[in-house]
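Residue numbers (this note's numbering), protein chains in the order written: chain A, 8 to 296; chain B, 26 to 382.
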């Protein structure tokens, strides 16, 4: 095989390389640098080898945060994906309802994350919040600052409120791309409502659904701002997810070495899980062709 | 298998339609005989598909009734009408195998699995898909997919009618021919009532016993291919059927004589006119003979299409086509005569009868 060498091509690639270097590679290498050394300030570094990794991987604190985070991601995926599909199926396909629904759906996505947190913080307060006040007026004991279960429910409901729209919009885009002839043919073939969903709508939504699941998984696995604003990781450590724990370690305790090691482990977990998700969900595609 | 009656059917896509022009389908009143093979022929947008969808129940007509064997089915759902329909573009269930695609309409109706197997195997053979029965439908080519759609339309043995909506558009020409003859054979064997929508006259004329020509939301003529050719009842039919279409020349009629420009043409009888404003004379290019006798024309172009020549001429300043055999000599001073029996007189586009002399 003959390779053509054209050094001018570098001019096309270099801008991207520089951008990626500054935005990703160099920061990541800095983290790697921290993760294998110990420092007490004054820019003095001591070689620590894999000590920090061993320490993180053998600490209950890390495994607990990881477990909480995995449970959280699974719960919100289990709620948001079916709920998103359900709402998308029931959205109007034409008429005045379409823009109204689309705008309503897009609203939560447009709100900055810390504002979402603040909204729910106020919303859930027992003394002035609409939700908290109503619940306690109904005689339900609700206090997300004291009770871990209430805190979890609040964080999950908040995430569902914030992000189900994303799944809805993606699924809706998949649904409206299905030509009418498919539904007509299904009627002629005597297909039930379930068959129409199972054999027409779901296959057509599969690709966008894959993207939705991946995005929601990665985002929820990195969740930081909203629970930080609402619960601050509490009560106790009950809503301390990986990123909250990481910030506590790095900024709160200034343990840069362990924090860097944890960042790298965290990064590898997300990478690995996303890859597994992607592979599992595309494997049936490959079989079909 | 059923006789289908369309009882004063009209349809408008907007509910506010009042004037005749608002209707996609103007009044259609027609009976499709049990076991007939019909072609619904017309240009795009003439209401063919609307009419088909009304029969299958995908659209509810604004006015009128549909009867199957005398029973009113206007308000019945598509499923309850027991109709099969094949669409213009392939519809396949991507995740199912070819076999399961074909079995789908039967399984939805809880047909026993041994019968499903028998029917599906027959259809697989007919459509030449047997080799890929176990493959997923997703990876197939467009014409294979359309064969699956076609097969799904034919797989049920008990349907009232099978409707085809330009089903061979995406199939390549050779396969078109094969499938069309298979459909024709299937029709003879099974005796299904079949309605075949198309804008291709060859397809319509080869498939159907009766051709229904539609134009601008109404049926303009129903007849055998020969009737459509020899006695088109509307200038549109004359123009649409035949290649090239019928020559339509503005004319004036006085008794049994028609006048086009400064030429007088003897008619086989006196047309029964009742004061219509726009009178036209129609004559097919095949019935105009070219020679040294008759009315003068000027030739603008000669197209050789193999065994025949099409001569484009001007006759009294109106364009006129003539079809002649390939070896015909074209005289330097060309003149034409019309075969009297082949002349039709059209008043406001509709053919009028003539009294024998």
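No residue lacks a Cβ here, since even glycine has one placed at the ideal position from N, Cα and C.
Run through DSSP, which three-state label would residue i get?
i                     : result
residue 296 (chain A) : With a pLDDT of 41 at residue 296 (chain A), under the threshold of 50, the modelled position of that residue is not reliable, and the figure given next carries that caveat. In the structure shown, residue 296 (chain A) sits in coil (DSSP, three-state: anything other than H, G, I, E or B).
residue 72 (chain A)  : helix
residue 22 (chain A)  : helix
residue 248 (chain B) : strand
residue 191 (chain B) : coil
residue 346 (chain B) : strand
residue 110 (chain B) : strand
residue 12 (chain A)  : coil
residue 97 (chain A)  : helix
residue 261 (chain B) : helix
residue 332 (chain B) : coil
residue 355 (chain B) : coil
residue 237 (chain B) : strand
residue 147 (chain B) : helix
residue 362 (chain B) : strand
residue 371 (chain B) : strand
residue 51 (chain B)  : strand
residue 46 (chain A)  : strand
residue 98 (chain B)  : coil
residue 138 (chain B) : helix
residue 74 (chain B)  : helix
residue 51 (chain A)  : coil
residue 152 (chain B) : coil
residue 238 (chain A) : coil
residue 289 (chain A) : helix
residue 186 (chain B) : strand
residue 103 (chain B) : helix
residue 232 (chain A) : helix
From what residue to what residue does the alpha helix (DSSP H) around residue i run?
i                     : result
residue 124 (chain B) : 123-133
residue 228 (chain B) : 226-232
residue 254 (chain A) : 249-254
residue 176 (chain B) : 167-179
residue 212 (chain A) : 209-228
residue 37 (chain A)  : 33-42
residue 219 (chain B) : Here residue 219 (chain B) belongs to no alpha helix (DSSP H); instead the beta strand (DSSP E) covers 218-223.
residue 60 (chain A)  : 58-64
residue 261 (chain A) : Unbroken run through residue 261 (chain A): none, as it is neither H nor E.
residue 209 (chain B) : 198-215
Skipping 5 residues on each side, what residues in its chain have a beta carbon closer than 7 angstroms to that of residue i?
i                     : result
residue 151 (chain B) : 207
residue 155 (chain B) : 149
residue 105 (chain A) : 99
residue 121 (chain A) : 232 and 236
residue 301 (chain B) : 372 and 373
residue 108 (chain A) : 98 and 99
residue 58 (chain A)  : none
residue 145 (chain A) : none
Within the same chain, show all residues whose beta-carbon is closer than 6 angstroms to that of residue i, passing over the 5 residues directly before and after it, in chain order.
i                     : result
residue 159 (chain A) : none
residue 66 (chain A)  : none
residue 181 (chain A) : 211, 212 and 215
residue 280 (chain B) : 295
residue 230 (chain B) : 250
residue 94 (chain A)  : 175
residue 369 (chain B) : 307 and 376
Report the neighbours of residue i on chain E: residues whose CB is nearer than 7 angstroms to its CB, in chain order.
i                    : result
residue 92 (chain A) : The chain labelled as chain E is not found among the protein chains of the depicted structure, namely A and B.
Which residues bound the beta strand (DSSP E) around residue i?
i                    : result
residue 34 (chain B) : 29-36
residue 65 (chain B) : 62-66
residue 92 (chain B) : 88-93
Can we count residue i as close to the ligand GTP, meaning its CB is less than 7 angstroms from some heavy atom?
i                    : result
residue 32 (chain B) : Because no ligand of any kind appears in the structure shown, any question about the ligand GTP cannot be addressed here.
Excluding the five sequence neighbours on either side, which residues of its own chain have a C-beta within less than 8 angstroms of the C-beta of residue i, listed in chain order?
i                     : result
residue 319 (chain B) : 360, 361 and 362
residue 39 (chain B)  : 47
residue 63 (chain A)  : 69, 265, 268, 269 and 272
Handout entry: Residues in the region 180-202 of chain A having any Cβ partner in chain B nearer than 8 angstroms
Key = 186, 188, 189, 191, 192, 194, 195, 196, 197, 198, 199 and 202: these are the residues of the region 180-202 of chain A whose beta carbon lies less than 8 angstroms from some beta carbon of chain B, given in chain order.
Practice task
Go through the region 117-195 of chain A residue by residue and report every complete run of the alpha helix (DSSP H) that reaches 4 residues or more, in order.
Solution key: Runs of the alpha helix (DSSP H) inside the region 117-195 of chain A: 120-130, 137-144, 155-183 and 187-195.
Handout entry: Unbroken stretches of the beta strand (DSSP E), 3 residues or longer, contained in the region 266-328 of chain B
Key = Counting only runs of 3 or more, we get 272-275, 277-279, 282-285, 288-291, 294-296, 304-308 and 313-316.
Handout entry: Residues of the region 117-137 of chain B with Cβ closer than 7 angstroms to any Cβ of chain A, in chain order
Key = Listed by position, the residues of the region 117-137 of chain B near chain A (Cβ gap below 7 angstroms) are 118, 119, 120, 121, 129, 130, 133 and 134.
Practice task
Return the residues of the region 101-115 of chain B that lie within a Cβ-Cβ distance of less than 7 angstroms from chain A, sorted by chain order.
Solution key: Legend: CB atoms of the region 101-115 of chain B lying less than 7 angstroms from CB atoms of chain A belong to residues 103, 104, 108, 109, 110, 112 and 114.
Handout entry: Members of the region 77-88 of chain B that neighbour chain A once the beta carbon cut-off is set at 9 angstroms
Key = Under the 9 angstroms Cβ criterion, the region 77-88 of chain B contributes 78, 81, 82 and 83.
Practice task
Below 7 angstroms between beta carbons is the criterion; list the residues of the region 177-202 of chain B that meet it against any residue of chain A, in chain order.
Solution key: Near chain A, meaning a CB-to-CB distance below 7 angstroms, the residues of the region 177-202 of chain B are 177.
Practice task
Using a Cβ-Cβ cut-off of less than 7 angstroms, give me the residues of the region 262-294 of chain A that come near chain B, in sequence order.
Solution key: Near chain B, meaning a CB-to-CB distance below 7 angstroms, no residue of the region 262-294 of chain A qualifies.
Handout entry: Contact set between the region 80-107 of chain A and chain B, restricted to residues whose Cβ is under 7 angstroms from the partner
Key = Within the region 80-107 of chain A, no residue qualifies.
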